[in-house]
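Chemist: Have a look at this one before I ask anything.
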Amino acid sequence: MEGPPLPAYRGFRATCDVHSGTGTGDPLMKRRPKVYVGMDVHKDTVTIAVLPEAAREPTLVMRMSHDPRGLRRMLGRLAREHEVRACYEASGAGYVLERKIRAWGHECEIVAPSLIPRRPGERRKHDRKDAEELARLYRAGELVTIRVPTEREERVRDLVRCRPIRERWQQVSKVLGGFRICMPIPCQFARGSTVLLFLLTTSCGDGGTEPAPPQNQAPTAVGSIAAVSLVVGGAAVTDVAGNFSDPDGDALAYEAVSSDTGVAVVAASGSEVTVTGVAVGQTTITVTAADPAGLSATQSYAATVMNRPPVATAVPEEQIQTVGDTVSGIDVSTWFTDPDGDSLAYAASSADTAVATAQVDGSLMNLVARSQGRTTVTVTATDPG
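Below you can see the structure in the form of structure tokens.
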């Protein structure tokens, strides 16, 4: 269908080009390749790993000062030819960095640290490796991100936390002219914010004043986690929800590591920590409880993997011999098994050596009939533990 004619002006000619909806061959419709940026954020530094969507490994890994201007320039250079997608773990950096990156026109998400896929017993301590792993997992779609509240939602949350302020804050009361004044503990303001009043207060309800609500507080450990004992191949489950508390009432996420995965491995599901025995020995299980902002508390407990005894699996047949005869090479190893796969040592004894004697060499037993009668031969299998 033809549209209305375009107006023509003196000295200019108005034209209109109509294109099909496929966009094939149109450089304006061509999708820019994505580049994934994993960031390990600290107070003073940011380690960055850049992984293009078509590359196998990060093509750029660098550490820079935690300066928004430098970070903005670096992301801006990437955005000239790529669609930038950045991520970092929830931590003390909070939501400020995420909001800045989005304001610069790039995609940015915050990752839940406790839900990052890890191998059993893996410990992440290296900033460079952390940033590279974030970029790889982000590109693979294996990271769980958290919802970033709006600044208004944060203010509402602070207002709700203000309600039990009488129980949370120490106050010193002075009576001046019949009025009660509550003296607050000094407030801590976010770095870079503009403070118009040096004291923020809310009404006490009795003519006095009270301070603004506190900032997010870290979880705390409660009591101690009891040690567990288990066998090789067995599991011990501990619910650690009662061993941690959050002063702000935030929901906590849990993760656990084993100091020796050769003895036992560990996994956390919700607040339940499951230890599975691998080999006889002892290891230390460390549990970390983190709030949504990344603040955390830890507790450790011992896990002992115990040895299991050998098991008799067969009943030997009764032996009938003539006095003076010897029966050699009876393989007693077929009568026992060890649940842990340990090598067994064997011994034999006769209840009446005047009737018959028994001797074991390795796993082979020899019986010698001495005189007429009946006796019981006992074979014992012992493991190294």
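Under the numbering used here, think of the first position of the sequence shown as 180, with each following residue one higher. Every residue gets a Cβ at the ideal spot worked out from N, C-alpha and C, and that includes glycine.
1. Where does residue 286 sit, in a helix, a strand or coil, going by DSSP?
2. Taking the alpha carbon of residue 414 as the reference point, which residue from 445, 429, 318 and 430 has its own alpha carbon closest?
3. Which residues in the same chain have their Cβ closer than 8 Å to the Cβ of residue 459, if we skip the five residues on either side of it in sequence?
4. Which one of 517, 247 and 556 has the shortest CA to CA distance from residue 281?
5. Under 8 Å, with one C-beta from each stretch per pair, do the stretch 446-465 and the stretch 538-555 reach the 3-pair mark?
6. Provide the residue span of the alpha helix (DSSP H) that contains residue 308, from first to last.
7. Does the beta-carbon distance from residue 218 to residue 225 come in below 7 Å?
8. Excluding the 5 residues flanking residue 480 on each side, which residues of the same chain have their C-beta closer than 6 Å to its C-beta?
9. Since residue 418 contacts residue 448 with CB under 8 Å, what's their CB separation in whole angstroms?
10. Between the Cα of residue 241 and the Cα atoms of 308, 489 and 423, which residue gives the shortest distance?
11. Nearer than 6 Å: is that true of the beta carbon of residue 224 relative to any heavy atom of the ligand NAD?
12. Mind checking which residues open and close the alpha helix (DSSP H) that includes residue 210?
13. Any chance you could list the beta strand (DSSP E) runs of at least 3 consecutive residues sitting entirely within the stretch 419-469, in chain order?
14. Among residues of its own chain, excluding the 5 on either side of residue 439, which ones have a beta-carbon nearer than 6 Å to its beta-carbon?
15. Are residue 515 and residue 491 close, meaning C-beta to C-beta below 7 Å?
16. Excluding the 5 residues flanking residue 560 on each side, which residues of the same chain have their C-beta closer than 7 Å to its C-beta?
17. Can you pull the DSSP bridge partners for residue 538?
18. Pick helix, strand or coil for residue 412, following the three-state DSSP scheme.
19. Residue 548 and residue 502: beta carbons closer than 7 Å?
20. So residue 527 packs on residue 550, CB below 8 Å; how close in whole Å?
21. Which residue marks the beginning of the alpha helix (DSSP H) containing residue 258, and which one marks its end?
22. Going by the beta-carbon positions, is the gap between residue 454 and residue 432 smaller than 7 Å?
23. At which residues does the beta strand (DSSP E) containing residue 242 begin and terminate?
24. Would the beta-carbon of residue 212 fall within 7 Å of that of residue 236?
25. Please tell me whether residue 398 and residue 470 are closer than 7 Å, where the distance is taken between their beta carbons.
26. Taking all protein chains shown into account, decide if residue 510 is buried (16 or more other Cβ within 10 angstroms of its Cβ) or exposed.
27. Report the residue from 274, 496 and 293 whose alpha carbon sits nearest the alpha carbon of residue 476.
28. Could you pull out every residue in the same chain whose Cβ sits closer than 7 Å to the Cβ of residue 251, ignoring the five residues on either side in sequence?
29. Less than 8 Å between the CB atoms is what I'm expecting for residue 277 and residue 263, so what's the real figure, rounded?
30. Which residues in the same chain have their Cβ closer than 6 Å to the Cβ of residue 553, if we skip the five residues on either side of it in sequence?
31. Just mark residue 270 as buried or exposed, buried being the case when its beta carbon has 16 or more other beta carbons within 10 Å.
32. Could you check the C-alpha separation between residue 474 and residue 256 for me, to the nearest Å?
33. Report yes if the C-beta distance between residue 289 and residue 325 is below 7 Å; otherwise report no.
34. Note down the Cα distance separating residue 368 from residue 338, rounded to an integer number of angstroms.
35. Where residue 504 and residue 556 are concerned, what is the direct C-alpha to C-alpha distance, given to the nearest angstrom?
36. Am I right that residue 466 and residue 452 are in contact with their C-beta atoms under 8 Å? What's the rounded C-beta distance?
Modeler: Put simply:
1. strand
2. 445
3. 411, 442, 484, 485, 486, 519 and 564
4. 247
5. no
6. 306-319
7. yes
8. 404, 406 and 464
9. Actually they are not in contact, since the Cβ atoms of residue 418 and residue 448 sit about 10 Å apart, beyond 8 Å.
10. 308
11. Absent from the structure shown: the ligand NAD. Ligands present: none.
12. Counting along the chain, residue 210 falls outside any alpha helix (DSSP H), and DSSP gives it neither H nor E.
13. 432-437, 443-448, 451-456 and 460-469
14. 462
15. yes
16. 489, 515, 523 and 525
17. 545
18. coil
19. yes
20. Going by Cβ atoms, the distance from residue 527 to residue 550 rounds to 19 Å, so no, they are not a contact pair.
21. 247-258
22. no
23. 239-244
24. no
25. yes
26. exposed
27. 293
28. 283
29. Not really, about 13 Å apart at Cβ, beyond 8 Å.
30. none
31. buried
32. 33 Å
33. yes
34. Any reading at residue 368 must be qualified, since the residue scores a pLDDT of 43, below 50, and its modelled position is unreliable; no value is offered.
35. 16 Å
36. 6 Å
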